[in-house]
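Colleague: Below are the structure tokens for one structure; questions will follow.
Residue numbers (the working numbering), protein chains in the order written: chain U, 152 to 449; chain Y, 152 to 449.
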């Protein structure tokens, strides 16, 4: 592109990019995804789900860079502290540091105060696996906190690798209903719309962006993390993409072509209010309340 | 299932099966697929595409076993001799032998007589790859020969492994149109309906069926065969199925769930007649005529 020193080889376009052109391309593709799905609109107040991992850190940085000067758009970050000993402290520190530097309001909520138990305690007490408790309660708290603070959207750091793995996994498992749930949804009462501004960005690019911007990277992995099936799919896609660059975009395009059909087979569910807590749910009682009952009745 | 000696471990059902129960299950699943897609109906005259490889041999054997006694259904086999030195002779011998034993009429047509060149000669003369010439002319001759001999259907030996590889490949390549073409089609003028009675049968089961029935197996591979992308997908699916048995069925079910949608996005093309040879085609001139022009004008 220019005579500058290349910092990144972009396989899918077969280009060596200097820092300036890498960032230009990165921003262009984030804006493209944001526009395509109307992720960010006039007068939005956007809650950033900020775990402190690389994706969420980069997400906050890029959103602030691209939209931070717009007076009609506001950002703040929410970190959920699940209560995982010897793991969470580091990423929370990173999240705090980044929010301070970016001048973004930062809200931390934790399982212990909100649910009554840390994740470590839940696992000892209940018989579900860690990812079930974590996934259910984290989503619940993110949505509830975002709503309480007046957010119109909730942004998560899912990148192209995450999304294509999930798409393929659901396809392989014949879980077409779950596949349909990946379609950007329309707004519903009480449920804050989720947006994924990094969905067109490779994980490698997220890491490169973090390095080029001197963002703190935590390389710790959650001690409970265990997704054997996803790992197989991830490894296959990694190899496949390596040999045939750009295939992750193809998967995304396949999914997008199928979206109108998927919407027909599985239209968005009308959410009700949980009869216990009032939070949005497809059933009478929401999943968090169900899990709480299990945990506290035993 | 019984006290008989197990000959096959069926991973997806976690059962060890004796010969009798293996065959019973095999026949049941072929009949299920045949019925589900109305592959074989009253008064059908079915042409079996018989390469002489394991799939087509087993296909002929199982069709004869299941439907051979029905007076209203007729079978015959077509072998296309592409003209590949040091490879084709063996499988043609096998095809002849099997047809004789099964008392099925056997028709052999060859590229040299019908197109004017063997596949070996085409490759020397033209600049397309072998699989393009082979695929286009083989399908053309199968359809034309089947039609001339009054066939109502053309049965091919594609098994569950083949089908799921193709489904996944098209999905990974974002070739949704080609994915849609895998849907069983409705009849059109001049084009004989293709059926795939083995589409619910694993390749391993096809091989086991051949061995249990003492069918001759050719293990030669076509010298031109080279599908690097398909091989990667095949290897991944093999590993995936190995760890999570039954996933190939899931892929098939995913595809079936999407079929109504796919039909909407890509309705079956209305075929015309080729302005040169009169064979069915989506364009003005059919692909075989195009390739012939290339080969004979140079």
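Backbone N, C-alpha and C define an ideal beta-carbon position, used for all residues, glycine too.
Comparing alpha-carbon positions, which option in Y/185, Y/245 and Y/403 lies nearest residue 327 of chain U?
Modeller: The count along the first chain starts at 1 and reaches residue 327 of chain U at position 176. When each option's Cα is compared against that of residue 327 of chain U, the closest is Y/403.
Colleague: Select from U/418, U/233 and U/433 the residue whose C-alpha is nearest the C-alpha of residue 424 of chain U.
Modeller: Start at 1 with the first residue of the first chain, and residue 424 of chain U comes out as number 273. The residue with the shortest Cα to Cα distance from residue 424 of chain U is U/433.
Colleague: Could you check the C-alpha separation between residue 307 of chain Y and residue 210 of chain Y for me, to the nearest Å?
Modeller: Here residue 307 of chain Y refers to the residue found at position 156 of the second chain. Here residue 210 of chain Y refers to the residue found at position 59 of the second chain. Near 8 Å, if we compare the C-alpha coordinates of residue 210 of chain Y and residue 307 of chain Y.
Colleague: Please state whether DSSP places residue 359 of chain U in a helix, a strand or coil.
Modeller: For the purposes of this step, residue 359 of chain U is identified with residue 208 of the first chain, where counting begins at 1. Three-state result, residue 359 of chain U: helix.
Colleague: Look at residue 252 of chain U and residue 310 of chain U and say whether their C-beta atoms are less than 9 Å apart.
Modeller: As a working mapping, residue 252 of chain U is identified with position 101 in the first chain. As a working mapping, residue 310 of chain U is identified with position 159 in the first chain. In this structure, residue 310 of chain U does not lie closer than 9 Å to residue 252 of chain U by Cβ.
Colleague: If you measure between the beta carbons of residue 255 of chain U and residue 243 of chain U, is that distance less than 9 Å?
Modeller: Counting from one through the first chain, the residue named residue 255 of chain U turns up at place 104. Counting from one through the first chain, the residue named residue 243 of chain U turns up at place 92. Not closer than 9 Å, so no.
Colleague: Among the residues of its own chain, which have a CB less than 7 Å from the CB of residue 440 of chain Y, if the five just before and after it don't count?
Modeller: Taking the first residue of the second chain as position 1, residue 440 of chain Y is located at position 289. Contacts found: 425, 427 and 428.
Colleague: Can you list, in chain order, the residues of its chain whose CB lies under 6 Å from that of residue 285 of chain Y, leaving out five sequence neighbours each side?
Modeller: To locate residue 285 of chain Y, count along the second chain from 1; it is residue 134. Taken in chain order, the residues that qualify are 233 and 270.
Colleague: Starting from the C-beta of residue 185 of chain Y, find all residues in its chain whose C-beta is less than 7 Å away, skip the five residues before and the five after it, and write them out in chain order.
Modeller: In the second chain, the residue the question calls residue 185 of chain Y occupies position 34. Contacts found: 191 and 348.
Colleague: Can you tell me whether residue 378 of chain U is buried or exposed? The criterion is at least 16 other CB atoms within 10 Å of its CB, across all chains shown.
Modeller: As a first step, residue 378 of chain U is located in the first chain; it is residue number 227 there, counting from the start. That one is exposed.
Colleague: Do three or more CB pairs link the segment 173 to 180 of chain Y to the segment 355 to 364 of chain Y at distances below 8 Å?
Modeller: Yes, the segment 173 to 180 of chain Y touches the segment 355 to 364 of chain Y.
Colleague: Would you please verify whether the beta carbon of residue 412 of chain Y is less than 9 Å from any beta carbon of chain U?
Modeller: Taking the first residue of the second chain as 1, we reach residue 412 of chain Y at position 261. Yes, because at least one Cβ of chain U sits closer than 9 Å to the Cβ of residue 412 of chain Y.
Colleague: What is the DSSP secondary structure of residue 353 of chain Y, reduced to helix, strand or coil?
Modeller: For this step, residue 353 of chain Y is matched to residue 202 along the second chain. Coil.
Colleague: Could you check whether the segment 271 to 280 of chain Y touches the segment 315 to 329 of chain Y, counting it as contact only if at least three pairs of C-beta atoms, one from each stretch, sit closer than 8 Å?
Modeller: In short, these stretches do not touch, since the Cβ pair count stays below three.
Colleague: Roughly how many angstroms separate the alpha carbons of residue 314 of chain Y and residue 447 of chain U, rounded to a whole number?
Modeller: Taking the first residue of the second chain as position 1, residue 314 of chain Y is located at position 163. Taking the first residue of the first chain as position 1, residue 447 of chain U is located at position 296. Approximately 49 Å between the Cα atoms of the pair.
Colleague: With the cut-off set at 9 Å, would you say residue 241 of chain U and residue 369 of chain U are in Cβ contact?
Modeller: The sequence position of residue 241 of chain U within the first chain is 90, counting from 1. The sequence position of residue 369 of chain U within the first chain is 218, counting from 1. Their beta carbons are under 9 Å apart, which means residue 241 of chain U touches residue 369 of chain U by this criterion.
Colleague: Give, in chain order, every residue of the segment 318 to 343 of chain Y whose Cβ lies closer than 7 Å to some Cβ of chain U.
Modeller: Those residues of the segment 318 to 343 of chain Y that come within reach of chain U (Cβ to Cβ, closer than 7 Å) are 322, 323, 324, 325 and 327.
Colleague: CB-CB under 7 Å to residue 437 of chain U, same chain, minus the five flanking residues each way: which ones, in chain order?
Modeller: Locating residue 437 of chain U in the first chain gives position 286, where the first residue counts as 1. Excluding sequence neighbours, residue 437 of chain U sits near 425, 428 and 430.
Colleague: Chain Y partners of residue 150 of chain U, CB-CB under 9 Å?
Modeller: In the structure as shown, chain U starts at 152 and stops at 449, and residue 150 of chain U therefore has no counterpart that could be examined.
Colleague: Below 8 Å on the Cβ atoms is my guess for residue 214 of chain Y versus residue 226 of chain Y; work out the distance and round it to an integer in Å.
Modeller: As a first step, residue 214 of chain Y is located in the second chain; it is residue number 63 there, counting from the start. As a first step, residue 226 of chain Y is located in the second chain; it is residue number 75 there, counting from the start. Confirmed, about 6 Å.
Colleague: Is the CB-CB distance between residue 122 of chain Y and residue 304 of chain Y below 9 Å?
Modeller: The question about residue 122 of chain Y has no answer, for chain Y in this structure spans 152 to 449.
Colleague: Quick check: the segment 291 to 298 of chain Y against the segment 387 to 401 of chain Y, are there 3 or more CB pairs under 8 Å?
Modeller: Judged by Cβ distances under 8 Å, the segment 291 to 298 of chain Y makes no contact with the segment 387 to 401 of chain Y, as fewer than three pairs qualify.
Colleague: Residues in the same chain with beta-carbon distance under 6 Å from residue 263 of chain U, minus the five sequence neighbours each way, listed in chain order, please.
Modeller: Locating residue 263 of chain U in the first chain gives position 112, counting from the first residue. Around residue 263 of chain U: 234 and 269.
Colleague: Could you give the first and the last residue of the continuous beta strand (DSSP E) run that contains residue 232 of chain U?
Modeller: Counted from its first residue, the first chain places residue 232 of chain U at position 81. 225 to 232 is the span of the beta strand (DSSP E), which, as asked, contains residue 232 of chain U.
Colleague: Hey, does residue 390 of chain Y have any beta-carbon neighbour from chain U nearer than 9 Å?
Modeller: One-based indexing of the second chain puts residue 390 of chain Y at position 239. Residue 390 of chain Y counts as touching chain U.
Colleague: Count the other C-beta atoms from every protein chain shown that fall within 10 angstroms of the C-beta of residue 301 of chain Y, then say buried if there are 16 or more, exposed otherwise.
Modeller: Residue numbering aside, residue 301 of chain Y sits at position 150 when the second chain is read from its first letter. Residue 301 of chain Y is exposed by the Cβ-count criterion.
Colleague: From this set, U/159, U/153 and U/199, which residue's C-alpha is nearest residue 362 of chain U's C-alpha?
Modeller: Locating residue 362 of chain U in the first chain gives position 211, where the first residue counts as 1. Of the listed residues, the one whose Cα sits closest to residue 362 of chain U is U/159.
Colleague: List, in chain order, every chain A residue whose beta-carbon is nearer than 9 Å to that of residue 401 of chain U.
Modeller: The structure shown contains no chain A; the protein chains it does contain are U and Y.
Colleague: In terms of DSSP beta bridges, what is residue 431 of chain U paired with?
Modeller: The residue given as residue 431 of chain U occupies position 280 in the first chain. Looking at the DSSP assignment, residue 431 of chain U forms a beta bridge with U/424.
Colleague: Does the beta carbon of residue 226 of chain U sit closer than 9 Å to a beta carbon anywhere in chain Y?
Modeller: For the purposes of this step, residue 226 of chain U is taken as the residue at position 75 of the first chain. Cβ-Cβ to chain Y under 9 Å: no for residue 226 of chain U.
Colleague: Which residues in chain Y sit within 8 Å of residue 398 of chain U, going by Cβ to Cβ distance?
Modeller: Residue 398 of chain U sits at position 247 when you count from the first residue of the first chain. Within 8 Å Cβ-Cβ: 323 and 324.
Colleague: Give me the residue from Y/204, Y/202, Y/194 and Y/249 with the minimum Cα distance to residue 222 of chain Y.
Modeller: Taking the second chain and counting its residues from 1, the one referred to as residue 222 of chain Y is at position 71. Among Y/204, Y/202, Y/194 and Y/249, the Cα nearest to that of residue 222 of chain Y belongs to Y/194.
Colleague: Listing by chain order, which chain U residues have their CB less than 8 Å from the CB of residue 164 of chain Y?
Modeller: Against the second chain, residue 164 of chain Y aligns to sequence position 13. Within 8 Å Cβ-Cβ: nothing; residue 164 of chain Y doesn't reach chain U, min ~17 Å.
Colleague: So that I know if they touch, is there some Cβ in chain U lying closer than 9 Å to that of residue 418 of chain Y?
Modeller: Locating residue 418 of chain Y in the second chain gives position 267, counting from the first residue. No, residue 418 of chain Y lies away from the interface with chain U (no Cβ there is under 9 Å from its Cβ).
Colleague: Are the C-beta of residue 472 of chain U and some C-beta of chain Y separated by less than 9 Å?
Modeller: This structure cannot settle anything about residue 472 of chain U, because the visible part of chain U is limited to 152 through 449.
Colleague: According to DSSP, is residue 179 of chain Y part of a helix, a strand, or is it coil?
Modeller: Reading the second chain from its first residue, position 28 is the one you call residue 179 of chain Y. Residue 179 of chain Y falls in the helix class under three-state DSSP.
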